[in-house]
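Numbering (full-length UniProt numbering), first residue to last: 1 to 160.
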């Protein structure tokens with residue numbers, strides 16, 4: 001009989017465990033804040049992208065939001081059903097559809113944006129400028145490893 005002694009680490013000993021806990025807490029808080037408006041954080045991100053005019057097609061929004069086209073289509077379906085977004089044929093390309101905010105969506109985005117800013121301040125407002133900068137640099141470094149990451153403007157931006 002072979003006896004092996006293995007050291008199996010507790011999940012709570014791993015940095016990734018605590019990173020996940022922070023991420024879950026952040027997401028949960030944002031979900032609760034947006035629930036009062038009847039939207040999810042993902043739906044807000046699509047509405048905000050439309051409000052900023054980042055793009056107005058599924059393909060463009062998918063690129064901007066770092067999602068796949070099917071996810072953007074599902075979000076758009078839900079937002080259209082809620083009366084917050086509309087679809088219209090592209091006048092220059094009959095195969096494409098343009099997405100835009102409805103009047104109700106345009107009215108809601110500033111309220112959601114203010115709530116998102118309050119969420120950021122609640123979670124990160126206790127950090128000094130130097131701590132926030134270091135946290136952002138650390139996130140950027142980890143994201144680079146995944147082939148992703150924010151731009152330099154984001155790294156210099158303070159909280160809203």
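Where is the CB? At the ideal position from N, CA and C, for every residue including glycine.
With a threshold of 16 other beta carbon atoms within 10 Å, residue 45 meets it and is buried.
Contact holds between the segment 39-53 and the segment 76-84, because three or more Cβ pairs, one in each stretch, are under 8 Å apart.
As the crow flies, the alpha-carbon of residue 16 is around 14 Å from that of residue 25. Taking a C-beta distance under 8 Å as the contact criterion, residue 112 and residue 3 do not qualify as a contact pair. Residue environment for residue 75: buried (at least 16 other C-beta atoms within 10 angstroms of its C-beta).
Beta-bridge annotation (DSSP): residue 87 is paired with 99.
Listed in chain order, the alpha helix (DSSP H) runs fully inside the UniProt domain "HTH marR-type" (12-144) are 15-35, 41-51, 58-65, 69-81, 103-124, counting runs of at least 4 residues.
Of the residues 6, 14, 23, the one whose Cα lies closest to the Cα of residue 123 is 23. For residue 152, the secondary structure class from DSSP, reduced to helix, strand or coil, is helix.
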